[in-house]
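Enquirer: For reference, the structure I am asking about is given below.
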Amino acid sequence: MGVMNGSAGFALDARLQRDSIAVGELALCRLLLMRNADYPWFVLVPRRADVTELHHLPIAQAVQLLEESRALSAAMAAAFVPRCLNVAKLGNVVEQLHLHHVARVPEDPAWPGPIWGRAAARLHDPRSADAVITRLLGHLTLPLC
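Encoded structure:
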């Protein structure tokens with residue numbers, strides 16, 4: 001099965017749908033910007049139905065996910081110049097496989113603690129979301145489909 005095959009039946013989890021803005025589609029993943037504007041925060045969601053864990057992906061798709069995560073991380077590092085970049089696969093609340101990518105700086109509201117479980121102080125409006133997405137896409141080396 002090729003990397004692009006297997007997306008039949010894929011539906012984005014309702015919580016991810018509610019809490020994010022669609023940026024576009026990579027070869028394997030849907031790229032999302034989280035509505036929480038406290039941090040540059042993007043999420044990769046493999047377009048595969050009923051996948052909850054990394055080891056559920058065939059090896060070629062797991063490698064593709066890692067490549068998309070690497071490219072997103074590099075783009076975020078260039079665009080937002082964080083002190084550190086947090087990349088996390090959780091799954092406690094949203095079971096659908098997804099990888100969070102969060103650019104962290106000492107001035108952010110949760111520094112140096114975790115961002116998980118904190119209410120957003122600010123949410124993106126259309127203009128701020130557009131600005132963050134444009135900034136990221138200026139550095140992303142993988143094409144959006």
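Residue numbers are given in UniProt numbering: position 12 of the sequence shown equals residue 12, and the series is strictly consecutive.
Ideal Cβ positions, reconstructed from N, Cα and C, are used throughout, including at glycine.
#1: In whole angstroms, what is the alpha-carbon distance linking residue 103 and residue 52?
#2: If you measure from the beta carbon of residue 24 to each beta carbon in chain C, is any gap under 9 angstroms?
#3: When the distance is taken between beta carbons, is residue 136 closer than 9 angstroms to residue 79?
#4: In terms of residue numbering, what span does the beta strand (DSSP E) encompassing residue 73 cover?
#5: With a 10 Å radius around its C-beta and 16 neighbouring C-beta atoms as the bar for buried, classify residue 107 as buried or exposed.
#6: Between the C-alpha atoms of residue 59 and residue 66, what's the straight-line distance to the nearest angstrom?
#7: Whose C-beta lies closer than 8 angstroms to the C-beta of residue 97 among residues of the same chain, with five residues either side of it excluded?
#8: Going by beta-carbon coordinates alone, are residue 32 and residue 140 separated by less than 9 angstroms?
#9: Under 6 angstroms Cβ to Cβ from residue 2, same chain only, skipping five residues before and after it: list those, please.
#10: In the DSSP assignment, find the alpha helix (DSSP H) that holds residue 7 and state where it starts and stops.
#11: Skipping 5 residues on each side, what residues in its chain have a beta carbon closer than 8 angstroms to that of residue 95?
Expert: From the atom records:
#1: 24 angstroms
#2: In the displayed structure, chain C is absent; only one protein chain is listed.
#3: yes
#4: Element bounds for residue 73: not the beta strand (DSSP E) but the alpha helix (DSSP H), 59–80.
#5: exposed
#6: 11 angstroms
#7: 45, 46, 48, 51, 52, 53, 54, 56, 57, 89 and 91
#8: no
#9: Residue confidence is low: residue 2 scores 45 on pLDDT, short of 50, so the model does not pin down where it sits. Its coordinate-derived value is still stated next. Answer for residue 2: no residue qualifies.
#10: That residue, residue 7, is in no alpha helix (DSSP H); it is neither H nor E in DSSP.
#11: 13 and 52
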